[in-house]
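If you count by my numbering, then the sequence shown holds residues 0 to 366, one letter each, in order. We treat Cβ as the ideally placed atom computed from N, Cα and C, and that holds for glycine.
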Amino acid sequence: MPQRNVVSWSGMIYGYAQLGEFEEALTLFKQALYERLDVNDFTFSSVVQVCANSTLLQLGKQIHGLCFKTNYDMSSFVGSSLISLYSKCGVIGGSYRVFDEACVKNLGMWNAMLIACAQHSQTEKVFDLFKQMEGLGIKPNFITFLCVLYACSHAGLVEKGKHYFKLMKEYGIEPGDQHYASLVDLFGRAGFFELGPVSLGLHVLLSNAYAAAGRYEDAAKARKMLRDRGIKKETGLSWVEEGNKVHTFAAGDRSHAKAKEIYRKLEELGDEMERAGYIADTSFVQREVNGEEKNQTIRYHNERLAVAFGLITFPSDRPISVMKNLRICGDCHTAIMSKCTGRVIIVRDNNRFYHFEDGKCSCGDYW
């Protein structure tokens with residue numbers, strides 16, 4: 000391309016971001032800065048969203064600072080991405096600050112704040128924000144209602160969900176597939192539905208249920224059905240960001256440079272939790288091993304390794320934020336770890352955020 004301008008650079012960065020090519024998007028952005036090329040709010044919005052989707056909090060903060068210096072932080076496009084950044088990285092307070100400091104809030108910013116609150120189990124705040132929107136005469140769109148229905152689903156608020164679903168028609172919004180899916184999810188979580196045709200997720204669920212009941216032969220058959228279909232279960236991973244480096248852990252992983260310290264801390268923490276009355280729920284171990292091996296397997300789950308790394312790495316007043324690619328293990332969801340350590344522990348799985356503090360979880364154990 001003979002001549003490149005802000006439009007072409009921004010378009011390329013946005014394209015990489017949309018394709019999930021996050022490293023390429025960041026590299027191009029750094030090149031643009033190095034060559035002292037002009038960038039605009041659309042460019043910053045795309046790059047901040049890359050940091051959000053990659054949970055790169057420290058880099059995102061640096062770019063936020065650059066937005067502030069160039070006054071692009073006042074843009075609603077950038078503001079929406081910044082809200083998403085802090086929310087997805089487990090810093091909901093940062094999302095509130097961006098939202099509250101914005102001089103002009105467009106619908107995109109309101110929606111970004113709604114989904115941030117919903118994902119962090121701040122359900123009442125979702126309803127409060129929706130009322131504020133109505134009071135200000137801001138008309139919600141289909142995304143707004145998706146956010147609210149998501150909040151209702153994850154809090155088990157069936158009647159509230161039905162109310163907002165009906166309210167869509169008053170605003171002239173025709174429910175789409177995603178709205179119906181949210182409603183089905185709401186009813187399903189509340190126990191109103193029985194399982195229908197078996198899907199991939201249900202095959203895995205069936206295998207886990209068999210294992211939890213001690214029917215390991217049946218569990219093996221269910222897993223074989225997946226293998227026969229050429230489907231592999233995704234490996235569970237947890238990761239923690241330290242500075243500009245991401246530390247990733249798999250269950251039983253001993254490859255980390257601080258593995259000895261991490262496992263020593265886990266042993267100490269496990270003993271302390273047991274003294275506080277914790278009993279491992281070994282039903283979450285999905286293979287046939289003896290009792291002691293089950294306890295060891297539970298103790299070395301990837302999210303616990305990540306938490307232990309945070310305990311030995313971060314100062315005591317800093318929350319430990321752990322990101323996961325799969326759903327959090329039921330035994331690891333126990334909040335006693337936060338009580339024994341006296342730390343705030345934030346875990347994001349593939350569905351939502353869990354804030355553990357003083358032995359309690361923000362989800363109210365409805366998850």
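- The beta-bridge partner set that DSSP reports for residue 77 is empty.
- Judged by DSSP in its simplified three-state form, residue 23 adopts helix.
- Shown here, residue 351 sits in coil according to DSSP, grouped into three states, outside any helix or strand.
- Under the three-state reduction of DSSP, residue 122 is assigned to helix.
- When C-beta atoms of the segment 337-344 are compared with those of the segment 248-257, fewer than three pairs fall below 8 Å, so the two segments do not count as touching.
- Pairing residue 325 with residue 233 gives a Cβ-Cβ distance under 9 Å.
- Residue state for residue 313 is assigned as coil, using DSSP reduced to three classes.
- Judged by beta-carbon spacing, residue 328 lies beyond the 9 Å limit of residue 272, meaning their Cβ atoms are not closer than that value.
- Distance check between residue 50 and each of 32, 174 and 86 places 86 closest, using alpha-carbon atoms only.
- Ranking 331, 156, 152 and 106 by CA distance to the CA of residue 136 puts 106 first.
- Annotation for residue 245: no alpha helix (DSSP H) segment contains it, though the beta strand (DSSP E) segment containing it runs 244-249.
- By alpha-carbon distance to residue 4, the top candidate from 349, 43, 27 and 37 is 37.
- By DSSP's assignment, residue 323 forms a beta bridge with 237.
- Check the Cα spacing between residue 188 and each of 152, 302 and 318: the tightest is with 152.
- Annotation: residue 7 to residue 167 spans about 38 Å, alpha carbon to alpha carbon.
- Here residue 178 is near residue 148, since their CB atoms are less than 9 Å apart.
- Assignment of residue 158 by DSSP, reduced to helix, strand and coil, places it in the helix class.
- For a cut-off of 8 Å, the C-beta gap from residue 298 to residue 265 is around 6 Å, short enough to register as a contact.
- Counting only runs of 4 or more residues that sit fully inside the segment 140-190, the alpha helix (DSSP H) segments are 141-154, 157-169 and 176-188, in chain order.
- Residue 245 is not a Cβ neighbour of residue 321, given a cutoff of 9 Å.
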